[in-house]
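Residue numbers (the working numbering), protein chains in the order written: chain A, 88 to 406; chain B, 1355 to 1571. All residues carry an ideal CB built from backbone N, CA and C; glycine is no exception. The structure under discussion appears below in the form of structure tokens.
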Ligand SMILES: Cc1cc2nc3c(=O)[nH]c(=O)nc-3n(C[C@H](O)[C@H](O)[C@H](O)COP(=O)(O)OP(=O)(O)OC[C@H]3O[C@@H](n4cnc5c(N)ncnc54)[C@H](O)[C@@H]3O)c2cc1C
């Protein structure tokens, strides 16, 4: 049993109809923005549809956030949420289903139909796991196909699972799954792994992992649940079948920006375009963190974006 | 096991959150007549919470008793938080609400105590009103799943709004047989009337659409 977490709770708190700043998404970017907003004398509201901390909650250990040599993603999430709450930032557990960013007052509509207004909007919706987009993936989602090792690893205790992907997330999640499952087959389209060497070494040293490199997953098959993957060797086109009990997919992310389509400028992959002040094509609407077009998507860069965005938001949109 | 479940830092946070409570809420806590490790943990948790506020009390009830049957409790450990008026709103916790589900548990208690009503859109309320027969929603969770609390709380909101709906948080690892029966391998998995199910924390409208599908067959 794991510990007890309070999380970023919005308990019995009355949500107002207006905030100086509404931050959509409560990942490290959104929480940092809330902290800077309070420090700048503004009233912020963080709206988070799952729980605060965002993708950090799916991360077993974080070893590159200064101040903590190693910390669990859940604990860092808790600490950040607590920090913002302690400063008096309001938070709300709800999903934003649409925005109207045209006027001077920006409007945010929640899943409940409620509308809240703000002078400044901060888009901090982050990213979600990218899907494989192969036959069988949809049918078997929840029947052996998973995108979250910390959520679902438990169900594969003693089993043989595939991990698709060879980057940092795939390596980190493999290390987590190794504590639960019997065997892991890593499938990666490139001919080598791309994750940090330190992580790769730990994965290889486990002795419980085999590799199918230079190969693409073409299909997921089974009867009532996942039983095998169809894998194609990129050089020869040869198809092989790999028997497994489950498959965890870590092949990168896609931006959570459907909300913004037609409202602010996005690049062709759906990432939000911002200027050096982190402001989008619409004045008063800022974009920060993983949802933004950039090279490096990390906790530190999400927090950095937030600091820059709030600095300019305060200067340019409040007197 | 004399060590506390809630350490100093969490206790402080819980106390702060309990500061929002107003009326007293009672929890019906259902245990097995045989020895049950998970029941003991919950009892310890409840005792620690009761130490932190005078607004929470609990009754320990044995499964199989008339009272358990009246509330339709068939497995343990289970908890039903009652409103300050003593009403059972159809909200159930099966298993230990630890990890992320601790927040769900606290929020439910404090909202009940403060008289906070879950916010639901007019449209959803109308759709909920049209339900005539009992609906059972089970939300299977693991305590490390960040999307689960929302899936549970949305179902609780529906149960709160409709007297026909019972909504349960079911901690999958403590109810392995049941999880196997419904082939749970990703969470949150929402099972409606033991017949329909879906995976994920859908927003309110989509969530209700799934429930209505099970209702209308
Ligand atoms: C497995 C894994 C391991 C990682 N390990 C590390 C690491 O070790 N170090 C590191 O620095 N980085 C790591 N990262 C990357 C890091 O987690 C991200 O870069 C960071 O979390 C991005 O922060 P963010 O605030 O931009 O967005 P996110 O963390 O993605 O948070 C966005 C939040 O917005 C919410 N949201 C989205 N849409 C809506 C809506 N419409 N309404 C309401 N809420 C919404 C989401 O629920 C989410 O909680 C890892 C990522 C993964 C997946």
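Kindly list the residues whose CB is nearer than 7 Å to the CB of residue i, restricted to its own chain and excluding five residues on each side of it in sequence; keep chain order.
i: residue 379/A; result: 358, 359, 361, 392
i: residue 223/A; result: 306, 307, 308
i: residue 1442/B; result: 1425, 1434, 1436
i: residue 1504/B; result: 1555
Mind checking which residues open and close the beta strand (DSSP E) that includes residue i?
i: residue 1504/B; result: Element bounds for residue 1504/B: not the beta strand (DSSP E) but the alpha helix (DSSP H), 1502–1515.
i: residue 1392/B; result: No beta strand (DSSP E) contains residue 1392/B, which is instead part of the alpha helix (DSSP H) from 1391–1406.
i: residue 374/A; result: 372–374
i: residue 142/A; result: Here residue 142/A belongs to no beta strand (DSSP E), and DSSP marks it neither H nor E.
i: residue 115/A; result: First-last for residue 115/A: 115–126, but that is the alpha helix (DSSP H), not the beta strand (DSSP E).
i: residue 135/A; result: 131–135
i: residue 1573/B; result: Limits of chain B in this structure are 1355 at one end and 1571 at the other, which puts residue 1573/B out of reach.
i: residue 1435/B; result: 1432–1435
i: residue 1446/B; result: 1445–1448
Note the first and the last residue of the continuous alpha helix (DSSP H) segment covering residue i.
i: residue 247/A; result: Note, residue 247/A: premise wrong, no alpha helix (DSSP H); beta strand (DSSP E) at 247–251.
i: residue 1561/B; result: 1558–1570
i: residue 1455/B; result: 1455–1468
i: residue 381/A; result: Run containing residue 381/A: none; DSSP gives neither H nor E here.
i: residue 216/A; result: First-last for residue 216/A: 214–216, but that is the beta strand (DSSP E), not the alpha helix (DSSP H).
i: residue 1531/B; result: 1530–1535
i: residue 236/A; result: 236–239
i: residue 164/A; result: 160–173
My output table needs one value for residue i: the three-state DSSP class, helix, strand or coil.
i: residue 1355/B; result: Unreliable positioning characterises residue 1355/B in this predicted model, as indicated by a pLDDT of 49, which lies under 50. The coordinate reading is nonetheless provided below. Coil.
i: residue 1543/B; result: strand
i: residue 1427/B; result: coil
i: residue 202/A; result: strand
i: residue 180/A; result: strand
i: residue 1483/B; result: helix
i: residue 263/A; result: helix
i: residue 397/A; result: helix
i: residue 333/A; result: strand
i: residue 289/A; result: helix
i: residue 1420/B; result: helix
i: residue 276/A; result: coil
i: residue 1493/B; result: strand
i: residue 1362/B; result: helix
i: residue 284/A; result: helix
i: residue 298/A; result: strand
i: residue 208/A; result: strand
i: residue 256/A; result: helix
i: residue 346/A; result: helix
i: residue 405/A; result: coil
i: residue 392/A; result: helix
Comparing the CB of residue i with every heavy atom of ligand 1, is any distance shorter than 8 Å?
i: residue 384/A; result: yes
i: residue 122/A; result: no
i: residue 1433/B; result: no
i: residue 148/A; result: yes
i: residue 1484/B; result: no
i: residue 287/A; result: no
i: residue 380/A; result: no
i: residue 177/A; result: no
i: residue 337/A; result: yes
i: residue 281/A; result: no
i: residue 216/A; result: yes
i: residue 111/A; result: yes
Given residue i, which residues of its chain have a CB within under 8 Å of its CB, disregarding the five upstream and five downstream residues?
i: residue 148/A; result: 157, 158, 159, 160, 259
i: residue 261/A; result: 250, 271, 273, 290, 296
i: residue 354/A; result: 360, 380
i: residue 1552/B; result: 1543, 1544, 1564
i: residue 388/A; result: 376, 381
Return the chain-ordered list of same chain residues with a C-beta closer than 6 Å to the C-beta of residue i, the five sequence neighbours on each side being excluded.
i: residue 336/A; result: 219, 234, 251
i: residue 239/A; result: 233
i: residue 276/A; result: 303
i: residue 182/A; result: 136, 198
i: residue 1451/B; result: 1459
i: residue 187/A; result: 194
i: residue 1368/B; result: 1406
i: residue 1514/B; result: 1443, 1472
i: residue 401/A; result: 127
Fill in: Positions along the segment 136–163 of chain A whose CB lies within less than 8 Å of some CB in chain B
136, 137, 138, 140, 144, 145, 161
Item to complete: Return the residues of the segment 174–199 of chain A that lie within a Cβ-Cβ distance of less than 9 Å from chain D, sorted by chain order.
Response: Among the protein chains of the structure shown, namely A and B, there is no chain D.
Worksheet item: When you check each C-beta in the segment 225–249 of chain A against every C-beta of chain B, which residues fall closer than 8 Å?
Response: 228, 229, 230, 231, 232, 233, 235, 237, 238, 239, 241, 242, 243
Practice prompt. Determine which residues of the segment 348–362 of chain A have a Cβ less than 9 Å from any Cβ of chain B, and write them out in chain order.
Written response: From the segment 348–362 of chain A, no residue has a Cβ closer than 9 Å to chain B.
Worksheet item: Which residues, in order along the segment 1492–1520 of chain B, keep a beta-carbon less than 8 Å from a beta-carbon of chain A?
Response: 1496, 1497, 1498, 1499, 1500, 1501, 1502, 1503, 1504, 1507
Worksheet item: If contact means a Cβ-Cβ distance below 9 Å, which residues of the segment 1530–1548 of chain B contact chain A?
Response: 1533, 1537, 1538, 1539, 1540, 1541, 1542, 1543
Item to complete: Scan the segment 295–317 of chain A for residues whose Cβ lies nearer than 9 Å to a Cβ of chain B and list them as they occur along the chain.
Response: 311, 312, 313
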